[in-house]
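One structure is given below, encoded as structure tokens.
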Amino acid sequence: MIELPLVFVAGLLGSAHCIGMCGPLAVTLGAGAGGLRRNLHRQVVYSAGRIFTYAFCGGAAGFAGVWIARQAPALVASQAWLAIAAGVVLVFMGLGAAGVLPRLASHALGRMPCSAAAGLKTFLTAPGWSNVFLAGVGTGFIPCGLVYAFLLKAGSTGSLWLGAATMALFGLGTVPLMVLAGVGGSLLSLRARAAAYRIAAWCVVVAGTMTVARGAWQLQPTDDGAAAACPFCVE
Amino acid sequence: MSDPVTQNYCVYCGLPVPPALFRWTAGGDDRQYCCSGCRFAAAVSDAPSAEGAARQQLLRIGLAIFFTMNVVVFTMELWSRDIYADASFESQFAVHLRGLFQWASLLFSLPVLLLLGGPLAASVWAALRRLAVTTDLLILMGVVASYLYSIISVLRGAGQVYFEVGCVVLVFVSLGRWLEARGKQRTGAALDSLARLLPTTVRRAARSTDAPGSETPVAETLRQDAAVGDLVRVLPGERLPLDGRIAAGRATLDEQIITGESRPIVKSVGDAVYSGALNLDGDLWIRTTATADNDMVSRMLQLVRQARRAKGRYERLADRIAFWFVPAVCALALAAAWRHGVVSGVDQGILAGLAVVLIACPCALGLATPMAVWTALGRAAGQQVMFRSGEVLERLARVRVVCFDKTGTLTSGAPELLQRLAADAAESVVVLQRAAQLAGGSSHALSQAIVAYAANDAACRSADAGAVENIRTFAGRGVAGLWRSAPDARAVDVYLGSSRWMVELGLAMPERLTDQLAAAAASDAPLVCIGWSGGVRGAFLFREQLRAGAATAIEHCRELGLELFLLTGDHRRRAAAIARELGVESLAEQLPADKAAIVRQLGPVAMVGDGLNDAPALAAAEVGVALGCGADLSRDAAGLCLLSDNLERLPWAIGLARQTLRVVRQNLFWAFVYNVGGIVLAASGRLNPVWAAAAMGLSSVMVIGNSLRLSRYALAPSADADSPSRNENAQPTSDFAALPPPPVAGQEAGASQRPWAPQGASA
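Residue numbers (our numbering), protein chains in the order written: chain A, 8 to 242; chain B, 3 to 765.
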């Protein structure tokens with residue numbers, strides 16, 4: 008499936024966006040580590056926690072896609088429509104981030120419930136690997152427009168494992184920059200980050216366009232287009 | 003003597019302990035908790051390393067969530083195989099894979115049972131030792147049953163598994179309890195920050211008999227160890243740790259926390275000072291007048307604590323419902339489990355029973371009233387508005403009429419002596435001297451004005467006055483005493499009071515005074531006469547001023563749709579003048595007993611007064627409101643104390659009370675509808691326990707969230723004070739918001755003192 012590498016790239020470049028919100032969390036995590044090596048370990052474990060949550064959510068989204076397809080047999084091509092919807096959202100988000108369209112109001116998403124923040128902080132500052140990992144697991148649940156857009160895409164895969172894989176790859180893509188941010192503060196200059204951010208935005212647009220195209224292709228009345236049989240060998 | 007209140011209520015939060023199905027003994031000295039959340043929160047607060055304990059519990063929940071996420075993924079995979087129900091899943095490989103996923107679910111779900119089932123089991127065990135059956139027991143039974151059924155399915159290699167049910171139920175129940183405990187803590191956050199303000203140690207002079215000075219040796223002592231009469235030093239920038247009188251030094255004090263007065267006040271030797279006040283600039287020595295548990299701040303906290311323990315009408319109603327609710331739900335759950343077990347198999351029976359128990363857990367019902375009332379009490383206390391009980395809050399919301407006393411309530415408590423008259427010009431100084439001595443024995447505002455006037459009169463201070471003793475106060479009339487020119491001389495009865503009293507006493511009014519008083523009466527000035535030996539000898543005319551904010555307060559009261567009256571023992575004319583100015587009806591020349599009678603006739607009335615002569619009316623009213631009680635928190639007649647002299651707090655408090663009642667009704671309605679609707683669904687087997695557990699947590703969170711809105715109730719009262727958006731955005735101008743924020747999460751749980759926790763049996 009051609010989108011999976013693209014998802015990884017979108018994650019990789021899109022993490023310039025992550026630095027804004029999750030970067031401070033990574034820095035907090037590194038603050039009490041003492042020593043670069045140990046800090047690096049903590050960052051990696053933290054990212055593993057995030058990827059776990061992303062994969063879990065992706066799996067759930069994939070399952071939801073299967074479930075919808077099953078519950079609404081009348082909508083023969085529900086997966087295709089889901090793919091188109093996800094693609095459109097991705098394109099809009101990408102264009103918004105690239106500055107072509109006015110940005111969607113996403114302030115509401117950014118405001119974490121304060122008790123959740125307090126709980127997360129407890130984990131972030133605590134010693135011990137399980138705490139760090141759980142901090143990552145919690146961070147994965149932080150509302151984020153980019154994550155939601157890719158979750159929609161994961162739903163459109165119509166498979167639990169593919170959904171999980173989509174989100175895991177997205178998460179994996181965010182690791183390098185997040186680890187860098189946590190270890191060495193912000194290595195990239197503001198300018199470089201802005202450039203990376205723009206590239207990421209166009210990447211998201213491309214991923215979205217391809218998702219729409221795939222959905223549209225599935226909509227064509229072919230005999231074997233819409234009904235994917237096995238979760239392990241979709242397409 | 004044991005207190006019946008503490009026996010049936012959670013020692014941590016004061017909520018009723020879930021009623022026991024069977025209880026043969028009274029429970030011995032075991033501490034009772036309403037839920038495992040409170041048990042945990044109490045353990046955290048009592049533990050020496052509180053933060054560590056809080057972290058431990060969060061870690062437990064976090065790990066459980068991680069394992070549950072895994073279980074859910076495996077379960078979803080098992081489900082998707084059911085959905086696909088494809089030929090490809092009939093193969094040998096697919097069957098093995100299915101078995102593998104089931105084993106994986108088992109493996110990942112066991113830690114959840116150990117992590118979260120443990121605390122739940124401890125709570126159930128504690129209840130069982132009291133021979134009490136709680137909903138916790140039923141939840142645990144349901145969870146364990148679903149585990150056992152699933153394990154048997156895995157071992158047999160046939161049948162459904164329900165590990166995800168057990169895991170998710172445990173996670174949601176634990177998470178819900180945790181949030182509940184945190185919500186309860188937040189209701190008292192404002193007071194907590196107040197309690198934390200006081201220093202933990204004091205600088206005490208080595209010997210209380212030492213003369214205070216910068217050289218006096220001092221020792222750092224725990225605040226609790228300070229005794230009455232100790233000499234304590236307070237440096238600039240520090241908060242006063244205890245109540246007392248200034249023994250040496252002079253300082254500007256910020257008493258906003260106690261009196262709400264934002265303007266700092268200068269105090270010097272002999273002045274009374276209260277704990278919590280901030281010493282801005284002076285080096286003070288204080289002779290303490292109260293111990294650490296009886297000082298101003300402690301009394302404020304105690305008052306709120308007592309207010310929380312007294313149950314209002316709605317709370318008692320919820321308690322009554324909850325008492326029958328739990329046994330009924332238990333019976334219903336068992337019945338549903340039995341019926342579905344017989345009809346659709348053991349697994350469906352277990353699920354139905356578990357769903358009923360979860361959805362019907364009366365958490366939301368039990369929280370509905372106390373959460374709202376406590377939050378409102380805390381919010382009010384933050385504005386120096388002290389409710390004596392939650393019930394007062396409920397009664398204040400129902401009030402439709404407000405009666406104001408005039409002197410010291412609508413008018414400023416400190417009238418000025420405008421003019422003194424003497425029947426005989428030669429007696430002018432004597433009249434003032436005797437009046438000042440009599441007035442010194444009364445706290446009435448007019449008396450205080452006479453004393454202040456005399457203190458500034460040089461002629462009065464220099465002359466020999468003799469002595470007035472045996473001073474008695476006659477409510478609504480005046481004061482009387484015995485005057486002697488020398489200790490062994492003949493005593494003369496002296497009276498200071500209203501002209502009406504003079505007439506009652508049969509004291510003749512001299513002509514010279516009559517003319518002057520007639521002129522005074524025309525100008526509506528307040529008047530006090532003094533007389534002895536059968537005649538009125540002098541009179542004092544005062545100037546009265548409207549209290550700052552009185553007009554605004556009246557305006558806001560009217561916007562709340564309240565009927566307003568002025569009730570006073572004063573002259574008809576003078577009352578009418580004030581009433582006209584404020585646009586309220588006046589009932590003048592009322593004796594205290596008359597006031598009480600009127601208050602009773604008017605129906606649900608809030609009576610606002612300040613002084614002793616209002617006590618009967620305050621007691622007779624639906625809600626007695628005492629203004630400017632300042633240090634005198636223990637006024638029994640008043641259900642509501644406005645510590646600050648700010649009358650505008652009254653309409654604010656009424657608005658808050660009404661909003662609280664609305665929130666209580668919303669909470670109760672929601673909790674009841676949710677419970678009843680959910681039970682019907684669950685008993686008919688249409689509700690998966692997973693959703694029931696989520697709904698259970700959600701309903702508690704909704705009730706807590708709805709109640710905590712009251713903690714942001716806007717300070718500026720107005721006609722549209724009910725609109726929540728306005729309330730949330732408004733910033734309080736002078737409350738604890740200005741205080742340092744409480745520590746976050748883990749630390750908070752331990753450091754706080756839980757002011758609302760009911761005390762032991764001695765209370």
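Cβ coordinates follow ideal geometry from the N, Cα and C atoms, glycine included. Just so you know, these numbers come straight off a predicted model, no measurement behind them.
Cβ neighbours of residue i in the same chain (closer than 7 Å, five flanking residues each side left out)
i	result
B:N472	G483, L484
B:A1	Residue 1 of chain B falls outside the range modelled here, since chain B spans only 3 to 765, and no answer is possible.
B:A555	L649, E650, L652, P653
A:F157	V14, T173, M174, F177
A:A115	The predicted position of A:A115 is uncertain, since its pLDDT is 38 and thus under 50; no value can be drawn from it.
Cutoff 8 Å; reference residue i; Cβ partners in own chain excluding five residues on either side
i	result
A:V186	A33, L47, Q50, V51, S54
B:A374	T662, V665, V666, N669, N708, S709, L712
B:T137	P20, V328, V331, C332, V359, A362, C363, P364
B:V114	A66, F69, T70, V73, G168, C169, L172, V173
B:S346	G687
First and last residue of the uninterrupted alpha helix (DSSP H) at residue i
i	result
A:S54	43-78
B:D138	137-158
B:M704	691-710
B:I600	594-603
B:A228	Here B:A228 belongs to no alpha helix (DSSP H), and DSSP marks it neither H nor E.
B:A619	617-622
B:F567	Element bounds for B:F567: not the alpha helix (DSSP H) but the beta strand (DSSP E), 565-569.
B:G120	94-131
B:A553	552-561
Per-residue DSSP class, three states only, for residue i
i	result
B:L584	helix
A:L184	helix
B:Y767	The structure shown has nothing for residue 767 of chain B, since chain B only spans 3 to 765.
B:L305	helix
B:G351	helix
B:D647	coil
B:D245	coil
A:G222	helix
B:M298	helix
B:E471	strand
B:T411	helix
B:N458	coil
A:F148	coil
B:A332	Per the sequence presented here, residue 332 of chain B reads as Cys, with Ala not at that position. The answer is helix: DSSP assigns B:C332 an H, G or I state.
B:V401	coil
Residue range of the beta strand (DSSP E) that includes residue i
i	result
B:L484	480-486
B:S270	267-270
B:I288	286-290
B:Q421	418-424
B:Y497	494-499
B:T254	252-256
B:T203	203-207
B:A608	607-611
B:R545	537-545
Sequence-distant residues of the same chain with beta carbon closer than 6 Å to residue i, five excluded per side
i	result
B:R474	A482
B:G1	Examination of residue 1 of chain B is not possible in this model, given that chain B is present from 3 through 765 alone.
B:S449	A441
B:V271	I248
Inset, instruction - Could you list the residues in the segment 393-416 of chain B with a C-beta less than 7 Å from some C-beta on chain A, going in chain order? - result: none
Legend entry - Residues from the segment 73-85 of chain B in contact with chain A, defined by Cβ distance under 8 Å: So the close ones are V74, V75, M78, E79, W81, S82, I85.
Inset, instruction - Tell me, please, whether the segment 379-395 of chain B touches the segment 652-669 of chain B by the rule of three or more beta-carbon pairs shorter than 8 Å. - result: yes
Inset, instruction - Taking 8 Å as the threshold, find out whether the segment 405-423 of chain B comes into contact with the segment 657-671 of chain B through three or more Cβ pairs. - result: no
Inset, instruction - Give, in chain order, every residue of the segment 134-148 of chain A whose Cβ lies closer than 9 Å to some Cβ of chain B. - result: G135, S137, N138, F140, L141, A142, V144, G145
Legend entry - Segment contact flag, the segment 524-543 of chain B with the segment 554-561 of chain B, C-beta cutoff 8 Å, min 3 pairs: no
Inset, instruction - Please confirm if the segment 577-590 of chain B is in contact with the segment 602-613 of chain B, defined as three or more CB-CB distances below 8 Å between the two stretches. - result: no
Legend entry - Interface positions of the segment 167-185 of chain A facing chain B (Cβ-Cβ less than 7 Å), listed along the chain: L167
Inset, instruction - For the segment 164-173 of chain A and the segment 92-99 of chain A, state whether three or more C-beta atom pairs, one from each stretch, are separated by less than 8 Å. - result: no
Legend entry - Chain-ordered residues of the segment 39-61 of chain A with a beta carbon less than 9 Å from chain B: So the close ones are G56, F59, T60.
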